[in-house]
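Colleague: The numbering used here puts the first residue of the sequence shown at 41, with every later residue one more than the last.
Before we start, here is the structure in question, set down as structure tokens.
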Amino acid sequence: MNYLLTYCLYVAILSVLMGISTWKLFKKMGLNPIFAFIPFYNYYLVLKETKHPKWWFILSYLPIIGPIMMTVFHVFLMKHFGRKSVIQ
């Protein structure tokens with residue numbers, strides 16, 4: 041029981057941090073920033089903004105391929121806003 045409570049707390053904290061970190065990003069995209077806190081839908085909106093096929097969304101939640109696809113989403117989003125590198 042203690043493990044489950046710890047895990048749920050960890051997931052809740054990570055979800056809030058992810059929402060806060062994407063709040064400004066959604067504002068720049070012209071979307072309602074509240075969508076940054078909705079799991080799955082927020083990455084669907086990022087995918088839609090970068091104009092990629094919808095099946096990429098499914099790939100992003102598969103084991104092993106998922107982290108790679110999430111990284112690809114972030115790289116394309118970075119290029120969408122005119123950044124050429126992470127350090128820029």
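Yeah, the Cβ is synthetic: ideal placement off N, Cα and C, and Gly gets one too.
How many angstroms separate the CA atom of Gly122 from the CA atom of Ile108?
Modeller: Roughly 21 Å separates the two Cα atoms.
Colleague: If I'm right that Ser110 touches Ser100 with Cβ under 8 Å, what's the distance once you round it to whole angstroms?
Modeller: Ser is not the amino acid found at residue 110; the sequence shown has Met there. Going by Cβ atoms, the distance from Met110 to Ser100 rounds to 6 Å, so yes, they are a contact pair.
Colleague: Assuming contact is defined by CB atoms lying nearer than 8 Å, are Thr22 and Phe116 in contact in what I supplied?
Modeller: Lying before the first or after the last residue shown, residue 22 is absent from the chain, which here runs from 41 to 128.
Colleague: Could you check what DSSP says for Gly59 in three-state terms: helix, strand or coil?
Modeller: Gly59: helix per DSSP, three-state reduction.
Colleague: Roughly how many angstroms lie between the CA atoms of Pro73 and Ser61, to the nearest whole one?
Modeller: One C-alpha to the other measures close to 11 Å.
Colleague: For Trp63, collect the residues of the same chain with a Cβ closer than 7 Å to its Cβ; drop the 5 residues on either side in sequence, then sort them by chain order.
Modeller: Pro73, Ala76.
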